[in-house]
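*Asks:* I have a structure I would like to understand better, so I am pasting it below and will then ask my questions one at a time.
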Amino acid sequence: MKISIITICRNNPSEMVRTINGYLSYLSSDIEAIIIDGSDNDSCIEAFRYLNTPLKHINFFKQTSKGLYAAMNEGIAKAKGDSLIFMNSGDTFSSSFDLFCFLEKYSFLLKSHIIFGNAKLYYKDYYKYHKWDRIEPIGKKWRPSHQAIFMPRSFLSENKFSESLKVSADTELQIKAFKYLKYIYIDETICEFELGGISSYPKTLKMTIKHCNELISTRKIENYWPKFLIYIKQVIKLAVIKVIGYRNYLRIVKWIFKL
18 MKISIITICR NNPSEMVRTI NGYLSYLSSD IEAIIIDGSD NDSCIEAFRY LNTPLKHINF
78 FKQTSKGLYA AMNEGIAKAK GDSLIFMNSG DTFSSSFDLF CFLEKYSFLL KSHIIFGNAK
138 LYYKDYYKYH KWDRIEPIGK KWRPSHQAIF MPRSFLSENK FSESLKVSAD TELQIKAFKY
198 LKYIYIDETI CEFELGGISS YPKTLKMTIK HCNELISTRK IENYWPKFLI YIKQVIKLAV
258 IKVIGYRNYL RIVKWIFKL
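Converting from the sequence shown to the numbering used here requires adding 17 to each position, the first position being numbered 1.
In structure tokens:
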């Protein structure tokens, strides 16, 4: 098995179905899918039963622990592929990305290298592309979206997501991975996903402060002023969003970066 696609879902069957349908045609002897269902009802498993799925290459499991990162760790434990990618409920592969062509080209590197690309981020009629400029160092300041990263299973099996973190465990793990593993960047849009999750928009002051605390911890920031600026930036962002709305905030940010 070369690639394992891991999907975490929770009480969102329509998003889960959209994600699975996006990669269903790729499932084969080289590519498997692992679904971890953290729902507190049967909505996702019922939706899964109605899918016309090749069950030989897709496995559905009820989550036995609590929390997103615990579910992602369960997915790692169930996976058999040389390389893993997390395509969670609602996320999809880009229509311009061909997983079979990717596998044919990079198969021999999957066990040892991180391979990552670009992501299309959208919210209603707003969208932007998250891509590496090849100048910004990868790690603490710039990181690829986790939906656009293929990472060796051997590394993830030994370095799992910290379940004590609620927002930034993927950031913490990426910093470590890019420090110790070789990586390859491909200038292709691998995935598409919707903005508005807790990491891009913590919706309350309490969540914002918690997010800041985790960012400071995972980035190992010790000096006062960098810490202070993180809090100020995130609190101002929250206040602006509360006044003008998230979509208008994204439009303004996009306009500023075009200047």
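Beta carbons: idealized from backbone N, C-alpha and C, even for Gly.
The model shown is predicted, which means the values in this text are computed figures rather than measured ones.
Are the CB atoms of CYS229 and SER106 nearer to each other than 8 Å?
*Replies:* Against a cut-off of 8 Å, the Cβ pair of SER106 and CYS229 comes out as no contact.
*Asks:* How big is the Cα-Cα spacing for ALA256 and PRO219?
*Replies:* When rounded, the distance between both Cα atoms is 11 Å.
*Asks:* What is the DSSP secondary structure of ASN336, reduced to helix, strand or coil?
*Replies:* Here the chain comprises residues numbered 18 to 276, so residue 336 is not present and cannot be evaluated.
*Asks:* If you run the structure through DSSP and keep just helix, strand and coil, what is LEU12?
*Replies:* Within the shown structure, residues of the chain are numbered from 18 to 276, placing residue 12 beyond reach of any answer.
*Asks:* Tell me the residue span of the beta strand (DSSP E) that contains LYS199.
*Replies:* From DSSP, the beta strand (DSSP E) with LYS199 extends over 199-211.
*Asks:* Let me know the secondary structure DSSP gives LEU276 once reduced to three states.
*Replies:* Here the model assigns LEU276 a pLDDT of 46, short of 50, so the residue's position is not dependable, and the following value carries that caveat. Residue state, collapsed to three classes: coil.
*Asks:* Quick one: Cα of GLU205 to Cα of GLY134, how far?
*Replies:* If I take the Cα positions, the gap works out to 6 Å.
*Asks:* Can you tell me where the beta strand (DSSP E) with MET18 in it begins and where it stops?
*Replies:* MET18 -> no beta strand (DSSP E), and no H or E assigned at all.
*Asks:* Using only CA atoms, which one of ASN265, MET224, TYR43 lies nearest to GLN251?
*Replies:* Answer by Cα proximity: MET224.
*Asks:* Is the stretch 161-176 touching the stretch 66-75 in the sense that three or more CB pairs, one from each, lie closer than 8 Å?
*Replies:* No, the stretch 66-75 is not in contact with the stretch 161-176.
*Asks:* Starting from the Cα of TYR43, find the closest Cα among LEU116, ARG264, GLU180, ASP54 and give me that residue.
*Replies:* Nearest C-alpha to TYR43: LEU116.
*Asks:* Just to confirm, are LYS244 and VAL184 a CB contact at a threshold of 8 Å?
*Replies:* Cβ atoms of LYS244 and VAL184: not closer than 8 Å.
*Asks:* DSSP three-state call for TYR140: helix, strand or coil?
*Replies:* Looking at TYR140 - three-state DSSP - the assignment turns out to be strand.
*Asks:* Only counting the same chain, and skipping five residues up and downstream in sequence, which positions put a Cβ closer than 6 Å to that of LEU182?
*Replies:* Excluding sequence neighbours, LEU182 sits near GLU231.
*Asks:* Look at the Cβ atom of LEU198, then the Cβ atom of ILE249, and state whether they are nearer than 8 Å.
*Replies:* It is not a contact, given that the beta carbons lie outside the stated cut-off.
*Asks:* Flag this pair as yes or no: are the beta carbons of ASN76 and ILE51 separated by less than 8 Å?
*Replies:* Result yes, Cβ atoms of ASN76 and ILE51 sit closer than 8 Å.
*Asks:* Please state whether DSSP places PHE172 in a helix, a strand or coil.
*Replies:* Looking at PHE172 - three-state DSSP - the assignment turns out to be helix.
*Asks:* Within 10 angstroms of the Cβ of ASP99, are there 16 or more other Cβ atoms? Answer buried if so, exposed if not.
*Replies:* ASP99 comes out buried.
*Asks:* Could you tell me which of LEU222, ALA136, ASN58, ILE238 sits nearest to ILE253, measuring between CA atoms?
*Replies:* Of the candidates LEU222, ALA136, ASN58, ILE238, the one whose C-alpha sits nearest the C-alpha of ILE253 is LEU222.
*Asks:* Excluding sequence positions up to five away, which residues of its chain have a Cβ less than 7 Å from the Cβ of ILE152?
*Replies:* Nothing meets the Cβ criterion.
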